[in-house]
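Chemist:
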Amino acid sequence: MKSKKLYQQLYFQVVIAIIAGILLGKFYPELGEKMKPLGDGFIKLVKMIIAPVIFITLTLGIAHMTDLKKVGRIAVKAMIYFLTFSTLALIIGLIVGNILQPGHGLNIDPATLSGDVSQYQQKAHESTLTGFIMNIIPETLFSPLVGENILQVLLVAILMGVALVLTKEKSRKVTEFLQDLSTPVFKIVHMLMKLAPIGAFGAMAFTIGKYGLHSVLNLIFLVGTFYITSALFVVLVLGAVAWYNGFNIFKLMYYLKEELLLVLGTSSSESALPGIMEKLEKAGCSRAIVGLVVPTGYSFNLDGTNIYMTLASLFIAQALNIHLPVEKQIMLLLVAMLSSKGAAGVTGAGFVTLAATLAVVPEIPIAGMTLILGIDKFMSECRALTNVIGNSVATVVVANWEKQLDKNQLQYSLDHPGNIEKKLEV
Numbered sequence: 062m063k064s065k066k067l068y069q070q071l072y073f074q075v076v077i078a079i080i081a082g083i084l085l086g087k088f089y090p091e092l093g094e095k096m097k098p099l100g101d102g103f104i105k106l107v108k109m110i111i112a113p114v115i116f117i118t119l120t121l122g123i124a125h126m127t128d129l130k131k132v133g134r135i136a137v138k139a140m141i142y143f144l145t146f147s148t149l150a151l152i153i154g155l156i157v158g159n160i161l162q163p164g165h166g167l168n169i170d171p172a173t174l175s176g177d178v179s180q181y182q183q184k185a186h187e188s189t190l191t192g193f194i195m196n197i198i199p200e201t202l203f204s205p206l207v208g209e210n211i212l213q214v215l216l217v218a219i220l221m222g223v224a225l226v227l228t229k230e231k232s233r234k235v236t237e238f239l240q241d242l243s244t245p246v247f248k249i250v251h252m253l254m255k256l257a258p259i260g261a262f263g264a265m266a267f268t269i270g271k272y273g274l275h276s277v278l279n280l281i282f283l284v285g286t287f288y289i290t291s292a293l294f295v296v297l298v299l300g301a302v303a304w305y306n307g308f309n310i311f312k313l314m315y316y317l318k319e320e321l322l323l324v325l326g327t328s329s330s331e332s333a334l335p336g337i338m339e340k341l342e343k344a345g346c347s348r349a350i351v352g353l354v355v356p357t358g359y360s361f362n363l364d365g366t367n368i369y370m371t372l373a374s375l376f377i378a379q380a381l382n383i384h385l386p387v388e389k390q391i392m393l394l395l396v397a398m399l400s401s402k403g404a405a406g407v408t409g410a411g412f413v414t415l416a417a418t419l420a421v422v423p424e425i426p427i428a429g430m431t432l433i434l435g436i437d438k439f440m441s442e443c444r445a446l447t448n449v450i451g452n453s454v455a456t457v458v459v460a461n462w463e464k465q466l467d468k469n470q471l472q473y474s475l476d477h478p479g480n481i482e483k484k485l486e487v
C-alpha cells in the first residue's frame, strides 16, 4: 500500500491547524473568537458517534466471551487500577504544590476576590453520591444511545452483552447485526476525523482570541508547574507501569499521536475516544477490555484532573496566605478522591471537582477559584492529555493482566504505527 506524503497525514494537518489557530487568535482576536462554532461543531459531531461506538464495542466484546465471571473480574481489576493511580496522582500534585509553592508571594486579600463561580458551585452541590448513582440508571433501555452520559451507555451495553451470552442460540442474529453495524459506524468515525484539523483550528483560535496569551503570563508559574508535574507523571509513573508490562510509553503515545494532537487542539478528551478505542483494539487488546476499560476510565481514571485538583487547591491557599497543616492537606486529599468520582461525566469536571473539594475544606474560600478561572482553559489541554494517556495505559495493562492482550500484535503496532493507520482507513 502506497504511503501518504507528510501533508496528507492527519497528525500533520492538525499541527498546522493548531498553529494557524494560535496565530489568528493572537493577531486577530475578534476574528479568532468567531471561530468558536468550528470547534464546538466538531466536538458535537464526535459526541454524536460516541454512544454507538461504546455500545457496539462493549456489547460485542461481552457477547463473544463464554465466561461471564471474566467480565466482573475485568471490572474489579480496572477499578483497583483506577483507584490506585488516581490516588497517586493526587499525592504527587500535593507533594509538588508543597515543594514549588506556585502561589507563594502573591499575597492576595480574600476580600478583593470577585468573579462568578456560582455555576461550578451549583454543579458541585448537585454531585451527591446518591444523585451520581441514580444518574447511571437511564430513563429507558435505548435513551442512553441518544444521550451523552457515558456511564448509562456502559450500563445498557453490559446488560445487553450479558443477555446475548445467556440467550446465545436465539440471539445469534442480533449479534451478527451488531457485528455488521460496527463496520459503517467506524467508517463514520473515520469520516468525522477528516474534519479534525478544522475543529482544532476553531477551538484554538477561539481560546487564544478570547483569553489571549498574555492572560497566562501572570500565572505562568502555576501553568508551568502543572504541565511539568503531569509530564513527569506520564513519563516516570505511567512509563514505569508500561515498562513493567512490556511496552514503551513513548511508542504508545506516538502510536496515538493523531488522537493526542486532537485532544490538544480541542481541549476535549471525548474528541479522541472513538479513535482511541479502535486503535487499542487494533493494537492487540481484546474488544471486551477496550469496551469496558476505556469508557469507564473516562469517568473514574482522571489522572490529569487529580493532579490539577490538589495543585490548584494549594495554589489558592498559598496565594491567599492561608496555612494548611498536614492534617488539613490529608483531608483535602481524601475529599478530592471522592469528589473526583462524584463529578464523573459532568461537563467542566475539572472545575466542578475543585469546587466540590473546596466546599468541604472551609479554610480555602471557594471564591479563590476566580484566581485561576482565566487560565483554566490553558490547563484543560494538559488535564485532558494526561487523562487520555492514563486511560490508554490502563487498558493495555488490564488486558495484559487478563491475558487478553496479543503482545506480538501490540509490539508490531507500536513499531509500525503507519501500517496500522493504513489498515484502519481501508
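Heads up: the sequence shown begins at 62 in my numbering, then just goes up one per residue. Every residue, glycine too, gets a C-beta built ideally from N, C-alpha and C. Owing to the predicted nature of the structure, the values given are computational and were not obtained by experimental measurement.
What are the residues that DSSP puts in a beta bridge with L206?
Modeler: DSSP output for L206 lists no bridge partner at all.
Chemist: Distance, Cα to Cα, Y89 vs G270?
Modeler: Those two C-alpha atoms are separated by around 7 Å.
Chemist: So within the region 287 to 341, which uninterrupted alpha helix (DSSP H) runs reach at least 4 residues, ignoring any that extend past its ends?
Modeler: DSSP runs (the alpha helix (DSSP H)) wholly in the region 287 to 341: 300 to 305, 310 to 316 and 318 to 327.
Chemist: Can you give me the Cβ contacts of I289 inside the same chain, cut-off strictly under 6 Å, excluding the 5 residues immediately before and after it?
Modeler: Excluding residues within five positions, none has a Cβ falling inside 6 Å.
Chemist: Which term fits L71, buried or exposed, when burial requires 16 or more other beta carbons within 10 angstroms of its beta carbon?
Modeler: L71 should be labelled buried.
Chemist: Which first and last residues belong to the alpha helix (DSSP H) in which Y72 is found?
Modeler: Counting along the chain, the alpha helix (DSSP H) containing Y72 begins and ends at L71 to F88.
Chemist: Rounded to whole angstroms, what's the CA-CA distance from M75 to S330? Just pull it up for me.
Modeler: The amino acid at residue 75 is misidentified as Met; the sequence shows Val. Approximately 15 Å between the Cα atoms of the pair.
Chemist: Is L466 helix, strand or coil when you go by DSSP?
Modeler: Strand at L466.
Chemist: Which whole-angstrom value describes the C-beta separation of T135 and L353, a residue pair presumed to lie in contact below a C-beta threshold of 8 Å?
Modeler: Note on identity: in this sequence residue 135 is Ile, with Thr being the wrong assignment. Yes, I135 and L353 are in contact; Cβ-Cβ is about 6 Å, under 8 Å.
Chemist: If distances are taken between C-alpha atoms only, which option among D364, Y315, L215 and A333 comes closest to S474?
Modeler: With distances taken between Cα atoms, S474 lies closest to Y315.
Chemist: Using C-beta distances below 7 Å, list every residue in its chain close to N448, excluding the 5 sequence neighbours before and after it, in chain order.
Modeler: Once the five neighbours on either side are set aside, the close Cβ partners of N448 are S330, L363, D364, G365 and T366.
Chemist: Quick check: S232 and L225, are their CB atoms within less than 7 Å of each other?
Modeler: Going by C-beta atoms, S232 is nearer than 7 Å to L225.
Chemist: Whole angstroms are fine: how far does the CA of E424 sit from the CA of A373?
Modeler: Taking the straight line joining both Cα atoms gives about 14 Å.
Chemist: Under 7 Å, do I377 and L341 count as touching if we go by C-beta distance?
Modeler: Not in contact: I377 and L341 (Cβ atoms no closer than 7 Å).
Chemist: Comparing C-alpha positions only, which one of A292, T371 and A264 sits nearest to I156?
Modeler: I156 has its Cα closest to that of T371, out of A292, T371 and A264.
Chemist: Return the Cβ separation of V114 and M338 in integer angstroms, given the expectation that the two are a contact with Cβ distance under 8 Å.
Modeler: Indeed, because the Cβ distance is near 6 Å, the residues count as touching under 8 Å.
Chemist: Name the one or two DSSP bridge partners that C346 has.
Modeler: C346 pairs with L466.
Chemist: Pick out whichever of L216, I160, S332 and K234 has its Cα sitting closest to the Cα of I104.
Modeler: For I104, the nearest C-alpha among the options comes from S332.
Chemist: So what's S232 in DSSP terms, helix, strand or just coil?
Modeler: The answer is coil: DSSP assigns S232 none of H, G, I, E or B.
Chemist: In three-state DSSP terms, what is T201?
Modeler: Three-state DSSP puts T201 in coil, outside helix and strand.
Chemist: Going by CA-CA distance only, name the one from M126, V458, K464 and T357 that's closest to Y305.
Modeler: Taking only the C-alpha atoms, the option nearest Y305 is V458.
Chemist: Taking a contact to mean a Cβ-Cβ separation below 7 Å, would you say C346 touches T244 in this structure?
Modeler: No, they are not a contact pair.
Chemist: Run through DSSP, which three-state label would P163 get?
Modeler: P163 falls in the coil class under three-state DSSP.
Chemist: By DSSP, does L475 sit in helix, in strand, or in coil?
Modeler: In this structure, L475 counts as helix in the three-state DSSP scheme.
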